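There are 2 protein chains.
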Amino acid sequence: MKYISLLGSTGSIGTQTLDIIKEHPTEFSLAAMSVGRNVNLARQIIAEFHPELVCMLEKDDAESLKLEFPKISFTYGPEGLSEVAVYKKSTILVNAVMGSVGLEPTLHAIEAGKTIALANKETLVTAGHIVMEAVRRNQVPLLPVDSEHSAIFQALQGEYEKNIDKLILTASGGSFRDRTRNELENVTVQDALNHPNWSMGAKITIDSATMMNKGLEVIEAHWMFGVPYENIDVVLHKESIIHSMIEFHDSSVMAQLGTPDMRVPIQYALTFPNRLPLKTAQRLNLAKVGQLHFAEMDMERFRCLKFAYEAGMAGGTLPTVLNAANEIAVEAFLKGKITFLQIEDLIENTLTNHQSIMEPSLAEIKAVDVDTRKYVNSLL
Amino acid sequence: MKYISLLGSTGSIGTQTLDIIKEHPTEFSLAAMSVGRNVNLARQIIAEFHPELVCMLEKDDAESLKLEFPKISFTYGPEGLSEVAVYKKSTILVNAVMGSVGLEPTLHAIEAGKTIALANKETLVTAGHIVMEAVRRNQVPLLPVDSEHSAIFQALQGEYEKNIDKLILTASGGSFRDRTRNELENVTVQDALNHPNWSMGAKITIDSATMMNKGLEVIEAHWMFGVPYENIDVVLHKESIIHSMIEFHDSSVMAQLGTPDMRVPIQYALTFPNRLPLKTAQRLNLAKVGQLHFAEMDMERFRCLKFAYEAGMAGGTLPTVLNAANEIAVEAFLKGKITFLQIEDLIENTLTNHQSIMEPSLAEIKAVDVDTRKYVNSLL
Numbered sequence: 001m002k003y004i005s006l007l008g009s010t011g012s013i014g015t016q017t018l019d020i021i022k023e024h025p026t027e028f029s030l031a032a033m034s035v036g037r038n039v040n041l042a043r044q045i046i047a048e049f050h051p052e053l054v055c056m057l058e059k060d061d062a063e064s065l066k067l068e069f070p071k072i073s074f075t076y077g078p079e080g081l082s083e084v085a086v087y088k089k090s091t092i093l094v095n096a097v098m099g100s101v102g103l104e105p106t107l108h109a110i111e112a113g114k115t116i117a118l119a120n121k122e123t124l125v126t127a128g129h130i131v132m133e134a135v136r137r138n139q140v141p142l143l144p145v146d147s148e149h150s151a152i153f154q155a156l157q158g159e160y161e162k163n164i165d166k167l168i169l170t171a172s173g174g175s176f177r178d179r180t181r182n183e184l185e186n187v188t189v190q191d192a193l194n195h196p197n198w199s200m201g202a203k204i205t206i207d208s209a210t211m212m213n214k215g216l217e218v219i220e221a222h223w224m225f226g227v228p229y230e231n232i233d234v235v236l237h238k239e240s241i242i243h244s245m246i247e248f249h250d251s252s253v254m255a256q257l258g259t260p261d262m263r264v265p266i267q268y269a270l271t272f273p274n275r276l277p278l279k280t281a282q283r284l285n286l287a288k289v290g291q292l293h294f295a296e297m298d299m300e301r302f303r304c305l306k307f308a309y310e311a312g313m314a315g316g317t318l319p320t321v322l323n324a325a326n327e328i329a330v331e332a333f334l335k336g337k338i339t340f341l342q343i344e345d346l347i348e349n350t351l352t353n354h355q356s357i358m359e360p361s362l363a364e365i366k367a368v369d370v371d372t373r374k375y376v377n378s379l380l
Numbered sequence: 001m002k003y004i005s006l007l008g009s010t011g012s013i014g015t016q017t018l019d020i021i022k023e024h025p026t027e028f029s030l031a032a033m034s035v036g037r038n039v040n041l042a043r044q045i046i047a048e049f050h051p052e053l054v055c056m057l058e059k060d061d062a063e064s065l066k067l068e069f070p071k072i073s074f075t076y077g078p079e080g081l082s083e084v085a086v087y088k089k090s091t092i093l094v095n096a097v098m099g100s101v102g103l104e105p106t107l108h109a110i111e112a113g114k115t116i117a118l119a120n121k122e123t124l125v126t127a128g129h130i131v132m133e134a135v136r137r138n139q140v141p142l143l144p145v146d147s148e149h150s151a152i153f154q155a156l157q158g159e160y161e162k163n164i165d166k167l168i169l170t171a172s173g174g175s176f177r178d179r180t181r182n183e184l185e186n187v188t189v190q191d192a193l194n195h196p197n198w199s200m201g202a203k204i205t206i207d208s209a210t211m212m213n214k215g216l217e218v219i220e221a222h223w224m225f226g227v228p229y230e231n232i233d234v235v236l237h238k239e240s241i242i243h244s245m246i247e248f249h250d251s252s253v254m255a256q257l258g259t260p261d262m263r264v265p266i267q268y269a270l271t272f273p274n275r276l277p278l279k280t281a282q283r284l285n286l287a288k289v290g291q292l293h294f295a296e297m298d299m300e301r302f303r304c305l306k307f308a309y310e311a312g313m314a315g316g317t318l319p320t321v322l323n324a325a326n327e328i329a330v331e332a333f334l335k336g337k338i339t340f341l342q343i344e345d346l347i348e349n350t351l352t353n354h355q356s357i358m359e360p361s362l363a364e365i366k367a368v369d370v371d372t373r374k375y376v377n378s379l380l
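Here the protein sequences come in this chain order: R and C.
Okay, so the first sequence: first residue is 1 according to the numbering used here, each after it adds one.
Okay, so the second sequence: first residue is 1 according to the numbering used here, each after it adds one.
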C-alpha cells in the first residue's frame, strides 16, 4: 500500500488523482489532503477516502469540518499545506495545488524524503535551482504529472541522460491555434475556455491559448531534465496524441502517445517504475485517428512562448516575474478587465521593468512574486 | 573495444554495419566476417577492415583470397559461417545473412555466450522455440536489428514485459500500398522493387510489397518479446516514421521514431544499452514532415500477412513452410516465372498441403525446409 499526501484535492488534477486511488484500492490510500474553499467537495472526499489529515485554506472551514469528522485531524493555511506534504504515513506527495503557494510544501516534502509527484508548475518555474539542489541532496524521486513531462520521463526510462540531444514538447495550440493575431483582438473568455483536446481548469486553459502554458513547461523541463533551453523545442501537434519526445544523439526519437487523459500520467507517477492497468482509459487507435499533424511553432504568433524562453534563459527572478505577471493578467482577463492580447502586453511590460536577481533565495523569490503581483495590479 | 563477427557482410545490413564500425573506429572492430559470392566487395572490405577470419561461400574463393591476404584466416561453406559466429575474439554476432542458412550459426553463437544482433529472419521464424530456449538457458542478450523490432526493444527499456498489452508494428505498405488487388494483376518486377521509403535488397523489397515481410516480423516479434499473436497488431503507416510501438496496460503507448535509416537500429544493437552519436543520420523534423498517416491493415488485400498470422498461430513447422515457400515464390517472381499475385497462391497451396509437425527439432525444420522448396519448385 502506498500512502499519498495530496495537495489541491478538488482541482482537475486532484480529483483525477482521487479517481486513480479509487481505481486501485489495494495499492493506494489517501493519507492526507488539502482543499481550498470547496467545503462541499472536501466533505464528500473525506467521507469517501477517509484521510487522516485535512488542510483547509480557511481556519473556519477546518473548524466546522472538524465538528462533522471528529476522528480526523484538521489544519489550515500555508503551514497546513506543509503539514500535509510531510505527513508521516505518506511516502509520496502529489502536489496539484495551483500557484506559488505550492513551492514551500514541495521543499519540505523533499527534505522529509518523500517522493514528489509534481503538478504544481510554480515549484520548478520560480525556484528550479533550489528545488533541484534539494532533490539531488536528498536523493528523492521527482516525478512529473504534466502529460508532456511525463511523456519525456517515460521516454527516458532505460536511457542515459547524457545521450539526450533534444527534448521536443508538443503543443496542441490551444483554443485559438487556427486564428491569426488579428483574429485574437476581440476573443471572449468563453472562446478561450473552449480547449479542443483537454478538459482542464480555467487558468491552464487560458495559458494554453496564450501558449504561456507551454512556456512554463519549457522552463520546468529545463530544470527537471537538466537540458539547456537551446535543446528544448516545441512543435505544434493539434491532436495531442504524441505527448512529447526525446531525440537522442544517435537520431533515435522516443515518444509517449495516448488519447488525451491526465489520469495516465498521474497514475504513472504513482506506480513508477511499474505500471498498473487503467481499464477505463480510452485506448489509442491510430488507424481510427488517421492523421497526426505537426507544424513549426511561430514565436511571433505566440509571444508568451518567446517571453518564457527569454525569461528562462536569462534566469534569476525573471521566471518568477513571468509567472506572477501571467497569473494576474489571466485573472484580469477572466474577470473581463483586459482583452486577450493585453495579457501578453502586461507580461512584456512587467518583464521589461524588472531588475533580475541572480540565484535568488526563497525569500527573494517570494518578495519578487508579491511585488510583481502588486505592480501588475497597479497597471490594471 | 567491441569485436564483431558479421555474417552477410556484403548485403544491405552488412554494408551498413560496416558503415557503423567505420564511424566509431575506437568502439568497434570487425574480427570475423562472411561473404557469399561477391569476391570483389569481400576484397575491399578485407583491405579496409582487416578481419582476422573470413568465410566465403565457395572453397575456391576462400583459397584465391588467401593468396592475396596470407595473414588472414579463411574458411568456407555453412560450417565456416558457424566458425565466424563463434570466433573467439568476438563478443557480438551480427547475423545479417539471408535465408535459413543463418539459423545454425546463431545457435552456435548463443551456446558460445555471444551477444546476438539478429537481422536474419529465419532464425526466429523457423526455430523460435529452439532459439529462445537457448537464449534463456545461456542468458545471452538477443538484440533486434530490424527497425520494427528495434523500435519495440527500445520502447521496452525501463519497462516490465508483464505490463505489455499489445505490440503495434507499423507497415509502410510497400511498393503497391495504393493499388487494389485488381491493379496488382500485371505489375512488373521493376514496379515491385521500387519501395517508397527504404532502400533494401530485392527479396525484402518484394516481401514488403506482398506484406510477407510484416508477416515474418509478426512471427519474430512473437518469439522475441513473448507476446501472443492476438496481442500483435499491424497498422499501415506510409511514412515509416514511427517504427513500431508498445501499448502498456495503463493505455500508455511508447514509440520509437526517426527518418528511415537502418544504421540507427544497427548501431543501437551494437551500443546497447548505451547510444553513440550518429552524426551522418538525417534528423527527424516532424514540423517539416507535416503529417503522419495511419490506416487499418486489410488482411484480404494483403493475404500474405494473413497467412503469416495463421502459420504463426498454428505453429509447428508451418512458419518454416511459410518462409521456404515464400523464398522460392519470390525468387520465381524475380526471375519472371510467375506473376506477383501467384506468389500468394503458391504459398497458400503449399501451406494447405503441409502436415505440420509440432515442436519440431532442428533436423525436422531443416528437412521440412528442403521438402518445401522441392514442392514449390515442382509447381513452377
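Where is the CB? At the ideal position from N, CA and C, for every residue including glycine.
Predicted model, so just to flag it, every value in this text is computed and none were measured.
For C/Ala119, the closest alpha carbon among the candidates C/Leu142, C/Glu183, C/Ala31 and C/Asp165 is that of C/Leu142.
Its chain contains Leu216, Ile219, Glu220, Pro319 and Asn323 as the residues whose beta carbon lies nearer than 7 Å to that of C/Val125, once the 5 sequence neighbours on both sides are disregarded; these appear in chain order.
Boundaries of the alpha helix (DSSP H) around C/Tyr268: Arg263 to Thr271. In terms of Cα proximity to R/Phe248, the closest of C/Thr372, C/Pro265 and C/His249 is C/Pro265. Under the 8 Å criterion on CB atoms, R/Met299 is classed as non-interfacial with respect to chain C. Neighbours of C/Ser251 in chain R, taken as residues at a C-beta separation under 8 Å, are given in chain order as Gly258, Thr259, Asp261, Val264, Leu278, Ala281, Gln282, Arg283 and Leu284. If you look at R/Ala192, you'll find it in the alpha helix (DSSP H) that goes Val189 to Ala192. Distance from the CA atom of R/Gly113 to the CA atom of R/Asp165, rounded to whole angstroms, is 31 Å. Shown here, R/Phe176 sits in coil according to DSSP, grouped into three states, outside any helix or strand. A Cβ-Cβ separation of about 7 Å places R/Ala325 in contact with R/Leu351 under the 8 Å criterion. Under the 8 Å criterion on CB atoms, C/Glu296 is classed as interfacial with respect to chain R. Note that the segment 346 to 362 of chain C touches the segment 293 to 310 of chain C; at least 3 beta-carbon pairs, one per stretch, sit closer than 8 Å. The three-state secondary structure of R/Ile246, taken from DSSP, is strand. DSSP lists C/Ala32 and C/Leu93 as the bridge partner or partners of C/Ser5.
Within the segment 108 to 194 of chain C, the complete alpha helix (DSSP H) segments of 4 residues or longer fall at 121 to 138, 147 to 156 and 189 to 192, listed in chain order.
C/Leu81 is positioned such that its CB atom lies no closer than 8 Å to that of C/Ile116. With fewer than 16 other CB atoms across the displayed protein chains lying within 10 angstroms of its CB, R/Lys337 is exposed.
In this chain, the beta strand (DSSP E) harbouring C/Thr75 covers Ser73 to Tyr76. Look at C/Glu230: its C-beta is not under 8 Å from any C-beta on chain R. Our two residues, R/Lys279 and R/Leu53, have alpha carbons roughly 30 Å apart in a direct line. Under the DSSP definition of a beta bridge, R/Ala255 partners with R/Met245 and C/Ala255. Residue environment: R/Thr180 is assigned as exposed (fewer than 16 neighbouring CB atoms within 10 Å of its CB, all protein chains considered). Residues of chain R with a Cβ closer than 8 Å to the Cβ of C/Asn274 are, in chain order, Tyr160 and Asn163. Per the coordinates, the alpha-carbon of R/Glu296 lies some 19 Å from the alpha-carbon of R/Ser251. Spanning the alpha carbons of R/Ile242 and C/Tyr268 requires a straight line of approximately 23 Å. For R/Leu103, the CB contacts under 7 Å within the same chain, skipping 5 residues up- and downstream, are Glu122, Thr123, Thr126 and Ala127 in chain order. Assignment of C/Asp233 by DSSP, reduced to helix, strand and coil, places it in the strand class. Just so you know, the alpha carbons of R/Glu161 and C/Ser240 end up roughly 26 Å apart.
The Cβ-Cβ distance between R/Leu236 and R/Arg283 does not fall below 8 Å. Take C/Ala31, set aside five residues on each side of it, and the residues of its chain with a beta-carbon closer than 8 Å to its own are Tyr3, Ile4, Ser5, Pro51, Glu52, Leu53, Tyr87, Lys89 and Ser90, in chain order. Residue pairing by DSSP places R/His293 opposite C/Gln291 in a beta bridge. At a cut-off of 4 residues, the continuous stretches assigned as alpha helix (DSSP H) that sit fully inside the segment 322 to 359 of chain R are 340 to 352. Per DSSP, the continuous beta strand (DSSP E) segment holding R/Val54 begins and ends at Leu53 to Met56. With contacts defined as CB atoms closer than 8 Å, R/Met245 and R/Ile168 qualify as a contacting pair. Taking C-beta separations shorter than 6 Å and ignoring five residues to either side along the sequence, the partners of C/Thr205 in its chain run Leu193 and His195, following chain order. For R/His50, there is no enclosing alpha helix (DSSP H), as DSSP gives it neither H nor E.
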